[in-house]
Amino acid sequence: MTILILEDEPIIAVDLEAIVSEHLHGSVFVTGTLADALDYVKKAGHDIDFALLDLQLGRDGSTSIPVARLLMAAKVPFCFVSATTEAIPGDLQDCPQVNKPFQPDEIEAVLPLAA
Numbered sequence: 862m863t864i865l866i867l868e869d870e871p872i873i874a875v876d877l878e879a880i881v882s883e884h885l886h887g888s889v890f891v892t893g894t895l896a897d898a899l900d901y902v903k904k905a906g907h908d909i910d911f912a913l914l915d916l917q918l919g920r921d922g923s924t925s926i927p928v929a930r931l932l933m934a935a936k937v938p939f940c941f942v943s944a945t946t947e948a949i950p951g952d953l954q955d956c957p958q959v960n961k962p963f964q965p966d967e968i969e970a971v972l973p974l975a976a
């Protein structure tokens with residue numbers, strides 16, 4: 862199983878990786894930048910089983926929306942993990958969402974989407 866975590870806050874990325882690694886077996890690719898995530902999705906594509914995406918990335922105004930759209934086109938399930946879920950565009954509003962701050966069980970609840 863291959864999981865993508867796109868999270869720009871290192872401590873949150875570590876927490877997400879720990880939760881995922883405890884419940885799913887396989888590889889976890891963690892990045893905090895849009896460019897790295899886009900490259901990874903373009904290369905790994907259909908080999909990704911699930912992704913956790915922070916919506917707002919850094920202070921430059923970039924978001925994970927381009928990654929979400931690529932994943933959606935590849936039919937890869939994903940979940941937004943964000944403090945700003947109200948900023949999710951209308952065409953992605955029905956995607957799973959976990960609000961920050963989150964509890965581990967909230968992340969655990971979306972992991973079955975990876976199956």
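To convert, count from 1 in the sequence shown and add 861; that's the numbering used here.
Every residue gets a Cβ at the ideal spot worked out from N, C-alpha and C, and that includes glycine.
Residues bridged to residue i [DSSP beta-bridge criterion]
i: residue 891; result: 866
i: residue 948; result: Answer is none; residue 948 lacks a bridge partner.
i: residue 939; result: 912
i: residue 964; result: None; residue 964 has no bridge partner.
i: residue 971; result: DSSP, once it has assigned bridges, lists no residue as partnering residue 971.
i: residue 958; result: 941
Within 7 Å, strictly: CB atoms of residue i and residue j
i: residue 939; j: residue 912; result: yes
i: residue 929; j: residue 914; result: yes
i: residue 908; j: residue 863; result: yes
i: residue 873; j: residue 968; result: no
Buried or exposed (CB count within 10 angstroms, at least 16 for buried), residue i
i: residue 875; result: exposed
i: residue 898; result: buried
i: residue 868; result: buried
Straight-line Cα distance separating residue j from residue i
i: residue 925; j: residue 895; result: 6 Å
i: residue 891; j: residue 866; result: 5 Å
i: residue 960; j: residue 945; result: 8 Å
i: residue 955; j: residue 877; result: 22 Å
Quiz prompt | Runs of beta strand (DSSP E) wholly within the segment 875-930 (minimum 3 residues, chain order) | solution = For the segment 875-930, the continuous beta strand (DSSP E) assignments of 3+ residues that do not extend past its boundaries occur at 888-892 and 911-914, in sequence order.
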